Amino acid sequence: MRCTAFSALLLLSGLTSAYSLSAFTTKTPAPLSPEPTPVQIEKQRSCFSGPAVSHQSFLDWLNAQPAKPGVDPQQRRAMLEQQFKAQDFARYQANVDCNEIRYTVDGHSVRGYILSPKSADKKLPVLIFNRGGNGDFGQLVFGQVYQQLMPVAEQGFVILASNYRSDQLKLGATLLHDEFGGAEVADVLALKAIADQLPQADSSQLAIWGHSRGCMMTYLAATQWPGPVKALVVGAGVADLESHLQFRPAMEKVYQQRMPGYADNKTALLRARSALYFLDDLPKVPLLLQHGEQDERVEVAQSKLMAGELEKRQWPYQLMLYPAANHSFAPV
């Protein structure tokens, strides 16, 4: 299990206990936005379909994808078999109900995922997971859902995750609908209405969990969540987008492309997406910060900066650092 899944379980089973997030006694502020318009699941299909209908067909499909030059085919197959073990695949397929869904927000078709244990005999706490990346880059696919989300879902959680609205090719031009912390936050907020419709989900016992860019989405969604939030889990996140540019200047291109009005309102737009500047608008609930100290994309100083501000406010939080982990929490 990767550190992401392990850390979430540590918080959600250690600080709260699985199947019951009610251990949090901190009062949740009243919602800052009205209840959203009901959102319906328009399409859904099992994650274990297509190439992933069986372990063998999934490995065959992966092995058929283009490989880096010089990679030995037999070594690649062995690596894939280690990464996606037959016994784990069989266990998840037997025990986890996983569906890819489509829903519409503000006229945009959005893809996402819903996972839950198959054998639940009572309502379960809900996790909202926010992915990293931007646009099509970093979108959740079966392999990522398998590695990051299924190990957590099988412990007794209903997980909902959004891929955010997709960019659109129109008349030869690409319309960038992902504003990197702008209008697409609504795609995350809409998951509350979907969770409310799931018979196995107790959306009054809910935590929000994000990785990388998903940390920003977690913070932004938490300030507007139309219901109680019991905990926040953020991994490899940026607390201050402006200072992060000193570590990774290439991100400015992403900001320029995706944030409407960036040229004229750079500071305001970056601060509006930086939790450091709206920390007091967050529900004061337990917050887990996690970061790999070998992170090549987001400097570990960002999590330490956030921890410092939480400490000043006597916030219930925990900072977990992994000395040998990179941005994906994989060992280096």
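Residue numbers for the sequence shown follow our numbering, beginning at -19 and rising by one. Note that the Cβ used here is the ideal one computed from N, Cα and C, for glycine as well. Only a predicted model underlies this, so the values are computations on that prediction, with no experimental measurement involved.
With a 10 Å radius around the Cβ and a threshold of 16 neighbouring Cβ atoms, residue 197 comes out buried. For a cut-off of 8 Å, the C-beta gap from residue 44 to residue 56 is around 11 Å, too long to register as a contact. By the neighbour-count definition (other C-beta atoms within 10 Å, threshold 16), residue 110 is a buried residue. Looking at 97, 69, 170, 24, the one whose alpha-carbon comes closest to that of residue 127 is 69. Contact between the segment 228 to 242 and the segment 257 to 266 is absent: fewer than 3 CB-CB pairs across the two stretches fall below 8 Å.
Beta-bridge annotation (DSSP): residue 78 is paired with 95. Taken through DSSP and simplified to helix, strand or coil, residue 235 comes out as helix.
Beta-bridge pairing by DSSP links residue 108 to 140, 188. Residue 311 and residue 264 have their C-alpha atoms some 32 Å from each other. Cβ-Cβ distances below 7 Å link residue 194 to 110, 111, 112 in the same chain, with the five nearest sequence neighbours on each side left out; the list follows chain order. If you compare the alpha carbons of 106, 134, 120 with that of residue 213, the shortest gap goes to 106. C-alpha of residue 80 to C-alpha of residue 296: approximately 34 Å in a straight line.
Leaving aside the five residues that flank residue 159 on each side, the residues in its chain whose CB is nearer than 7 Å to its CB run, in chain order, 238, 239, 240. DSSP places residue 224 within a helical segment (H, G or I) once states are collapsed to three.
Under the 10 Å beta carbon count, residue 210 is surrounded by 16 or more other beta carbons and is classified as buried. Pairing residue 305 with residue 87, the inter-Cα distance amounts to about 40 Å. For residue 279, same chain residues with a beta-carbon under 6 Å away, outside a window of 5 residues either side, are 227 in chain order. A straight-line Cα-Cα distance of about 7 Å links residue 21 and residue 174.
Boundaries of the alpha helix (DSSP H) harbouring residue 37: 35 to 44, taken from the DSSP string.
Per DSSP, residue 25 is not a residue of any alpha helix (DSSP H); the beta strand (DSSP E) it occupies stretches across 23 to 26. Residue environment: residue 215 is assigned as buried (16 or more neighbouring CB atoms within 10 Å of its CB, all protein chains considered). Exposure of residue 148 is indicated by the presence of fewer than 16 other C-beta atoms within 10 angstroms of its C-beta. Distance from residue 97 to residue 76 at the Cβ level is roughly 6 Å; contact confirmed, criterion being Cβ atoms closer than 8 Å. Look at residue 69 here: in three-state DSSP terms it is helix.
Residue burial annotation: residue 117 is exposed, with fewer than 16 other C-beta atoms found within 10 angstroms of its C-beta. At least 8 Å separates the beta-carbon of residue 285 from that of residue 199.
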